[in-house]
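From first to last, the protein sequence lines are chains A and B. So the number in this note's numbering is just where the residue sits in the first sequence, counting from 1, plus 486. So the number in this note's numbering is just where the residue sits in the second sequence, counting from 1, plus 2. To start, the structure under review is shown below, and the notes come after it.
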Amino acid sequence: MTVGEIIFFFTVFVTMIGALAAVLARSIVHALLGLITTMFGIAGLYVYLNSTFLAMMEMLVYVGAISILIAFAIMLLGSYSGMSGNLRAVGKLTLAGGTAVVSVYIFFKFVLTNMNPLSFAKYLVTTKDIGRVFTENLVLPFELISLLLVVAIIGAVMLAIIARNVK
Amino acid sequence: MSDMFYNNGNIYFFVALFMLFCGIAGLVYRRTLIGMLISMELILNGAGLNLVAINRFISPENPYGAAFTLIIMGIAAAESSLALAIIILISKRYHHIESGDLKELKF
């Protein structure tokens, strides 16, 4: 086992432990820390998938922006964002277990048997490739994303104005 | 080089599936809206990883999977900012953010 494989398995381990912590942690701050750990792990997996630009954007957008946004919301909410979770509810536990069983069945039944990964194929996504795809083939989704971000900004400002008048 | 573990696509698919399951379990398990939002981010991250892994192992000709992952990141940023604004509004109005007790749609 080479050094690269050891780092890869460590990254996978960190990702899965972070996902479990984000779901099962008692405190909401610990759940947020688990989410940040997961995002670091995902960025590492993007590096292993030869997509370094995506790894950088993962660090910038998720770790840099969304996590900080959620942290600000937790601090603004204070005691409201207290703890949650009752796994003793039988219906919820049945639903979660059923989802797990179905997804694992789908994975082992279809993904492992029907897909033939081309593991030897050359694949390297540079920033130049992504820029070329966005300006030649995917112009409409690119513009729609900018429109979506504008609408989200206006909506957030409108909600802030409404929140000023409540109580 | 091709027999390395990190050149095997099934590990990435399994990690993405695991994150999808963790996200769905968190959506069911959490009672507050912020916990559900964190679970939602887990689902979106898993979807992005799945797209990039499929792009790298199944059809590596064009980087469409990477491009759609970038679009997913933009959607996640817009969604989380709007959701957090709504959550703060709900906390000012109802003085709690437990999703089970939010039964009125109208303010």
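Don't be surprised by glycine CBs; every beta carbon is placed ideally from N, CA and C.
Residue span of the alpha helix (DSSP H) that contains A/Val619, given as start and end: The continuous alpha helix (DSSP H) containing A/Val619 extends over residues 613 to 622.
Supposed close pair B/Asn47, A/Met525 - CB separation, criterion 8 Å: Indeed, because the Cβ distance is near 7 Å, the residues count as touching under 8 Å.
Close beta carbons around B/Met38, own chain, < 6 Å, minus the five adjacent residues each side: Only Leu29, Arg32 meet the Cβ criterion.
Segment limits, alpha helix (DSSP H) that includes A/Ala700: No answer is possible for residue 700 of chain A: it lies beyond the span of chain A, which begins at 487 and ends at 653.
Selection of the segment 489 to 500 of chain A by Cβ proximity to chain B, strictly under 8 Å: Residues of the segment 489 to 500 of chain A with a Cβ closer than 8 Å to any Cβ of chain B, in chain order: Gly490, Glu491, Phe494, Phe495, Val498.
A/Leu531 vs B/Tyr14 beta-carbon contact at 8 Å: Contact flag set, yes.
Beta carbon proximity, B/Met42 to chain A, threshold 8 Å: With respect to chain A, the C-beta atom of B/Met42 has no partner C-beta closer than 8 Å.
Cβ pair A/Val649, B/Lys94 closer than 8 Å: The sequence shown places Ala at residue 649 of chain A, rather than the Val named in the question. Contact flag set, yes.
Chain-ordered chain B contacts of A/Leu624 [CB-CB under 9 Å]: Under the 9 Å cutoff, chain B gives Tyr66, Ala69, Phe70, Ile73.
Per-residue DSSP class, three states only, for B/Glu100: Strand, per DSSP.
Distance between A/Ile592 and B/Ile88 (C-alpha atoms, nearest Å): Approximately 35 Å, taken between the alpha carbons.
Any chain A beta carbon closer than 8 Å to B/Ala49: Chain A, which has no Cβ nearer than 8 Å to the Cβ of B/Ala49, makes this no.
In chain order, each alpha helix (DSSP H) run of at least 4 residues that lies wholly inside the segment 510 to 593 of chain A: For the segment 510 to 593 of chain A, whole alpha helix (DSSP H) runs of length 4 or above, ordered along the chain, are 514 to 534, 538 to 543, 553 to 563, 576 to 592.
Spatial distance of A/Phe494 from A/Ala541 (CA atoms): Looking at the two C-alpha atoms, the distance is approximately 14 Å.
Segment limits, alpha helix (DSSP H) that includes B/Ile36: Start and end: 35 to 59.
Cβ separation of B/Leu91 and A/Leu645, assumed to be a contact under 8 Å, to the nearest whole Å: Between the beta-carbon of B/Leu91 and that of A/Leu645 there is about 5 Å, and that keeps the pair under the 8 Å contact cut.
Below-8 Å beta-carbon distance, A/Ser513 vs any chain B residue: Chain B, which has no Cβ nearer than 8 Å to the Cβ of A/Ser513, makes this no.
A/Tyr532: contacting residues in chain B (beta-carbon distance under 7 Å): What A/Tyr532 touches in chain B: Val54.
Chain A within 8 Å of B/Lys94, Cβ atoms only: At least one C-beta of chain A is nearer than 8 Å to the C-beta of B/Lys94.
Per-residue DSSP class, three states only, for B/Asn64: Coil, per DSSP.
Per-residue burial, A/Met561 [other beta carbons within 10 Å of its own, 16 or more giving buried]: With fewer than 16 Cβ atoms within 10 Å of its Cβ, A/Met561 is classed as exposed.
For B/Leu86 and A/Val549, the rounded distance between their alpha carbons: When only Cα atoms are considered, A/Val549 and B/Leu86 end up about 16 Å apart.
Below-8 Å beta-carbon distance, B/Ile45 vs any chain A residue: So no, B/Ile45 is outside the interface.
Supposed contact pair B/Val54 and A/Leu535 - C-beta distance, whole angstroms, cut 8 Å: Taking 8 Å as the upper bound for CB-CB distance, A/Leu535 and B/Val54 are in contact here, some 5 Å apart.
A/Ile514 vs B/Ile99 beta-carbon contact at 8 Å: If you check the CB distance, A/Ile514 and B/Ile99 do not come in under 8 Å.
Helix, strand or coil at B/Arg32 according to DSSP, with G and I counted as helix: Of the three classes helix, strand and coil, the one that applies to B/Arg32 here is coil, per DSSP.
Unbroken alpha helix (DSSP H) run spanning A/Leu633, endpoints: Element bounds for A/Leu633: 625 to 651.
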